[in-house]
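Asker: First residue of the sequence shown? That's 12 in my numbering, and the numbers climb one at a time after it. From the three backbone atoms N, C-alpha and C, an ideal C-beta is built for every residue, glycine too. One structure coming up, written as C-alpha cells, with questions to follow.
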Amino acid sequence: MLRDRRCESVQASSHESFCSSFHLSQPPQEVKKVWFSLFTPQIGATDAEIIPLEERPQLIAHLASLARRFPKLNMPKQVADGYLNPPQSPDECIFARTTLSYTADLQNHVTPCQFGGTPDCAQCGCIASAGLKAVGDFKLGGVLKLRSIYNASDRIGRFARERRA
Ligand code: SF4
C-alpha cells in the first residue's frame, strides 16, 4: 500500500513538474498548445508503461484538472471521454480508417494504424483517435451521429472504387 501511494505521488508530482516545465512557460507566440498521447500497448503486452485500465479514469481526471490550471495543456472534455471510451477495434476507429501510415523507409504501409501489429484498441491512448471518436459521437441536431455520415460516405467511396477497379 505504501509503495502504491508513493508511486501515485511520484506520478502526480511528475505531472506537476511537466506542467510548470519549459514548454508550458513559453510565451504564446512560441508555444500555443501542448497535447500528448497515452501509451498504447499491443494486445497481450505487459509493458511497464501500460496504464492499468482501472487507473485510467483517475489519471484522466487528474490531467483534466491540470488542464484547467494550465490552459496551454490541451485536454478538452470530449478527448478525455475518448480516452475513457476508446474505439474497440481498428474497424471502429475513424482515425485508423482515415489515415495512412508508412514505414520509415516509405516502402510499406503500417497497418491497422500507426502503431502497427495488433494494437490493443481498448487501451488506446492516441489523442487523434480519442479526438475523432469524440467527433464521430457528436450528434448533428442532437439526433444523427457524425459517425453515421462518415460510415455512409465510406461505403459509397468503397463502392465507387470497386466499380472503377
Ligand atoms: S489508433 Fe488506437 S483505437 Fe485506433 S486502431 Fe490504433 S490502437 Fe486502435
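Classify L77 as helix, strand or coil using the three-state DSSP reduction.
Answerer: Counting from one through the sequence shown, the residue named residue 77 turns up at place 66. Note: L77 maps to helix in three-state DSSP.
Asker: Any residues whose CB sits closer than 6 Å to a heavy atom of the ligand SF4? List them in chain order?
Answerer: Taken from the N-terminal end onward, the list reads T51, P97, P98, P101, C104, F106, A107, P123, C124, F126, P130, C132, C135, C137, S140.
Asker: When every heavy atom of the ligand SAM is checked, does at least one fall within less than 6 Å of the C-beta of Q118?
Answerer: Judged by which ligands are present, the ligand SAM is missing from the structure shown, whose ligands are the ligand SF4.
Asker: Indicate the three-state DSSP secondary structure (helix, strand or coil) for K144 in the structure shown.
Answerer: Taking the sequence shown and counting its residues from 1, the one referred to as residue 144 is at position 133. K144: helix per DSSP, three-state reduction.
Asker: A107 and P123: beta carbons closer than 7 Å?
Answerer: On the sequence shown, position 96 is the one that residue 107 refers to. On the sequence shown, position 112 is the one that residue 123 refers to. Closer than 7 Å, so yes.
Asker: Cα separation between K43 and A78?
Answerer: Indexing the sequence shown from 1 puts residue 43 at position 32. Indexing the sequence shown from 1 puts residue 78 at position 67. Approximately 14 Å between the Cα atoms of the pair.
Asker: Y94: buried (16+ other C-beta within 10 angstroms of its C-beta) or exposed?
Answerer: Position 83 of the sequence shown holds residue 94. Under this definition Y94 is a buried residue.
Asker: What are the residues that DSSP puts in a beta bridge with Y113?
Answerer: Indexing the sequence shown from 1 puts residue 113 at position 102. Per DSSP, H120.
Asker: For F126, is the classification buried or exposed, using 16 other Cβ atoms within 10 angstroms of its Cβ as the cut-off for buried?
Answerer: Here residue 126 is taken as the residue at index 115 of the sequence shown, counted from 1. Classification for F126: buried.
Asker: Taking Cβ to Cβ, would you say T51 is nearer than 7 Å to P130?
Answerer: Residue 51 sits at position 40 when you count from the first residue of the sequence shown. Residue 130 sits at position 119 when you count from the first residue of the sequence shown. The answer is yes: Cβ separation under 7 Å.
Asker: As a quick exercise: from E65, Q134, A91, pick the residue whose alpha carbon is nearest that of G55.
Answerer: One-based indexing of the sequence shown puts residue 55 at position 44. Among E65, Q134, A91, the Cα nearest to that of G55 belongs to Q134.
Asker: Using a threshold of 7 Å, state whether the C-beta atoms of N96 and W46 are closer than that.
Answerer: Position 85 of the sequence shown, counting from 1, holds the residue named residue 96. Position 35 of the sequence shown, counting from 1, holds the residue named residue 46. No, the pair does not count as a contact, with Cβ atoms beyond the cut-off.
Asker: Hey, S32 and I138: beta-carbon distance below 7 Å or not?
Answerer: What you label residue 32 is simply residue 21 of the sequence shown in a count that begins at 1. What you label residue 138 is simply residue 127 of the sequence shown in a count that begins at 1. Against a cut-off of 7 Å, the Cβ pair of I138 and S32 comes out as no contact.
Asker: Count the other CB atoms, across all protein chains shown, that sit within 10 Å of the CB of I71; report buried if there are 16 or more and exposed otherwise.
Answerer: Here residue 71 is taken as the residue at index 60 of the sequence shown, counted from 1. So I71 counts as buried.
Asker: Are the beta-carbon atoms belonging to I167 and L143 less than 7 Å from one another?
Answerer: Sequence index remark: in the sequence shown, residue 167 carries index 156 (1-based). Sequence index remark: in the sequence shown, residue 143 carries index 132 (1-based). Not closer than 7 Å, so no.
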